[in-house]
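I have placed the structure first, in the form of structure tokens, so that the comments after it can refer back to it.
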Amino acid sequence: MRNLIKFISLYNYSITFFILLFASSYFLINENFILKTKYFNSSNYLSGSIFYYQSSIINYFNLEEKNMQLERENKKLRDKIIRSYSSIKEDVDSSLNRNYNYIKAEVLNNSVRKSKNYITINKGTKDGLKEGMGVISSKGVVGKVKYVSENFATVISILNTSFYVSSILKKTNTLSSVNWDGVNPKTLKLLYVPKHIDIRKGDEIISSSYDSIFPKGISIGKIKKIRKDVNSNFYDIDILSTQDFYNLSTVYIVNYLLVDEKIQLEKITDEK
Amino acid sequence: MRNNILLFVFFVFLQIFVLNKILFFEHIILSPIIMFLILYKYQKDSKESLFLGFFLGLLVDVFNNSLGTYSIICLIVIYFRNSWVLKIIGEEKTEELELMSIQELGSLKFFYYSFPILFLFYSLLSLLESESIISLDNIIFVILSSVANYIIMLIFQYLFLKFNFKNEWR
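Residue numbers (my numbering), protein chains in the order written: chain A, 10 to 281; chain B, 5 to 174.
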């Protein structure tokens, strides 16, 4: 016993270091678990409130850029309205997209450097947000709502290695999937495009609506680099994200009005 | 002393609510907390310094939604610092110093002492946050952030510590 006490007093500095190292490693490894607990939602309230005031100050300095962004968005919407009058196909698409509601939200906190990035927004359950809703901006797909508290929500960003978006190649209508490999925040990976499909650099990738999260046609990115791996039946494709995550201030939450009905029907079909 | 505590609190808040959210030139993160870990007085086998590193990191983690990341980095950095400083300056001289600043160490020794610590801090940050360090983007991030923080640290010391030296720290 005396030897043990002697040992502890002799090496108490290193022992303290290893105890604290163990504690921080435990936090690090269980981070995802802790995020899932209710603790996250209550701490979300505190940090969300602070982020709210912080982003109000930062947003003030970005007003000019925000105005320009809104002007571009207005122009895009006007063009869309004009096109919808002249094309029957557009009419069909817009009638499908009428099943979606959009809730505007401000970004309070956003990270791009981690491999699992999250965004905090200033809308919560009292604004009608639910877990699993899609999040877009005027430029394209942003992510999916992960957790919701009364006034705030966290969004799993498309810059999160565990998030996949159902997508299609606009030119060929080929179904594919988009994921981030955690390297460059401006480059995403386009997965499961078979080698027999004719694709070119610059081809646009849009959301497919198959996952009931995003309406069809929301821009995700453009093909930047195409590689052919001899050992695979699919292309290895890098796409340039249309969304600039370094300058994300306003987003829209997508509320698919028929999601419950669709899921219910698919569930019954699977069971039978 | 009160001024130093206020300065410390101000920089911690600056890191948590402003600097952690801004990526300068898409590659640089400024981190005032590493400055305090570098400048903090050396004491042989000081458990207080380990606790300071751990809780400072934990505080940043709580507001950064990155529980464990900064606390493990700050802890390793302060442990490394405590042995690194002995190699650079030697135990006897180190214990005499009130602060590990450029005014006390001199330009060259301060560079040898602080730059590897900054480099370690950003390498660990890059490794833990993006789960890979061997990408060009991450290497640029580590180098540029270390250099930028070194410059900021020099400016800080010339602006704030000179006065304090005469009045409080000595």
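Cβ coordinates follow ideal geometry from the N, Cα and C atoms, glycine included.
Inset, instruction - Return no unless some Cβ of chain B is closer than 8 Å to the Cβ of N193(A). - result: yes
Inset, instruction - Decide if S241(A) is buried, meaning its Cβ has at least 16 other Cβ atoms within 10 Å, or exposed. - result: exposed
Inset, instruction - Compare the C-beta of L27(B) with all C-beta atoms of chain A and state if any pair is closer than 8 Å. - result: yes
Legend entry - Whole-angstrom distance between S130(B) and S105(B), CA atom to CA atom: 26 Å
Inset, instruction - May I have a chain-ordered list of the beta strand (DSSP E) segments no shorter than 3 residues that lie completely inside the region 242-277 of chain A? - result: 244-250, 259-265
Inset, instruction - Please go through the same chain and pick out, in chain order, the residues whose beta-carbon is closer than 7 Å to the beta-carbon of G143(A), but skip the five residues on each side of it. - result: K153, I222, F223, V263
Inset, instruction - Figure out for me which residue from K45(B), F55(B), N153(B) has the closest Cα to the Cα of L95(B). - result: For the record, residue 95(B) in the displayed sequence is Glu; it is not Leu. Checking every option, the nearest Cα to that of E95(B) belongs to K45(B).
Legend entry - chain A residues whose Cβ lies nearer than 8 Å to that of G110(B): Ordered by position in chain A, no residue passes the 8 Å Cβ test against G110(B), which lies about 28 Å from the chain.
Inset, instruction - Could you tell me whether the region 132-151 of chain A touches the region 196-203 of chain A, using the rule of 3 or more Cβ pairs below 8 Å? - result: no
Legend entry - Alpha-carbon spacing of L71(B) relative to F172(A), whole angstroms: 20 Å
Inset, instruction - Alpha carbon to alpha carbon, how far is F119(B) from V146(B)? Give it in angstroms, no decimals. - result: 11 Å
Legend entry - is_contact[Y175(B), chain A] using C-beta, thresh 8 Å: Limits of chain B in this structure are 5 at one end and 174 at the other, which puts residue 175(B) out of reach.
Legend entry - Cross-strand partners of A162(A) (DSSP beta bridge): I130(A), V157(A)
Legend entry - Test: S124(A) CB closer than 8 Å to a CB of chain B: yes
Legend entry - Burial state of M77(A) (16 or more Cβ within 10 Å): exposed
Inset, instruction - List the DSSP bridge partners of N12(A). - result: Paired residue(s): none; N12(A) is not in a bridge.
Legend entry - In DSSP terms, what K198(A) is bridged to: N188(A), D247(A)
Legend entry - S250(A) classed as buried or exposed, judged by whether at least 16 other C-beta atoms fall within 10 angstroms: buried
Legend entry - G230(A), buried or exposed, once every other Cβ within 10 Å from all chains shown has been counted against 16: buried
Legend entry - Simplified DSSP state of G230(A), which is helix, strand or coil: strand
Inset, instruction - Output the distance between the C-alpha atoms of M157(B) and M39(B), rounded to the nearest integer angstrom. - result: 6 Å
Inset, instruction - Just tell me which of V260(A), E270(A), Q273(A), N256(A) has its CA closest to the CA of I112(A). - result: V260(A)
Legend entry - Min CB distance S146(A) to chain B below 8 Å: no
Inset, instruction - At 7 Å on the CB atoms, spell out the chain A contacts of N69(B), in chain order. - result: Y127
Inset, instruction - Counting only the same chain and skipping the five closest in sequence on each side, list residues whose C-beta sits under 8 Å from that of V89(B). - result: Y46, T98, M104, Y117
Inset, instruction - Report yes or no: is there a C-beta of chain B within less than 8 Å of the C-beta of V239(A)? - result: no
Inset, instruction - Assign Q273(A) to buried or exposed, taking buried as 16 or more other Cβ atoms, counted over all protein chains shown, within 10 Å of its Cβ. - result: exposed
Legend entry - Between the CA atoms of I76(B) and V151(B) - distance to the nearest angstrom: 22 Å
Inset, instruction - Determine the closest residue to L56(B) out of C78(B), S134(B), L109(B), L11(B), with distance taken between C-alpha atoms. - result: C78(B)
Legend entry - the region 15-31 of chain A: positions lying closer than 8 Å to chain B by Cβ: N21, Y22, T25, F26, L29, L30
Inset, instruction - Compute the distance between the beta-carbons of S124(A) and G191(A), then report whether it is under 8 Å. - result: yes
Inset, instruction - Determine the contact status of I145(A) and K155(A), defining contact as a CB-CB distance below 8 Å. - result: no
Inset, instruction - Only counting runs of 4 or more residues, tell me where the alpha helix (DSSP H) segments fall wholly within the region 83-141 of chain B, in order along the chain. - result: 95-100, 106-109, 111-134
Legend entry - Option in L109(B), E133(B), S139(B), F28(B) with minimal Cα separation from I42(B): L109(B)
Legend entry - Contacts around I97(A), its chain only, beta-carbon distance under 8 Å, and the 5 residues preceding and following it disregarded: Note that I97(A) scores 43 on pLDDT, short of 50, meaning its location in the model is unreliable; the coordinates nonetheless yield the value given after this. None.
Legend entry - Near-chain B residues of the region 138-172 of chain A - C-beta to any C-beta below 9 Å: T163, T170
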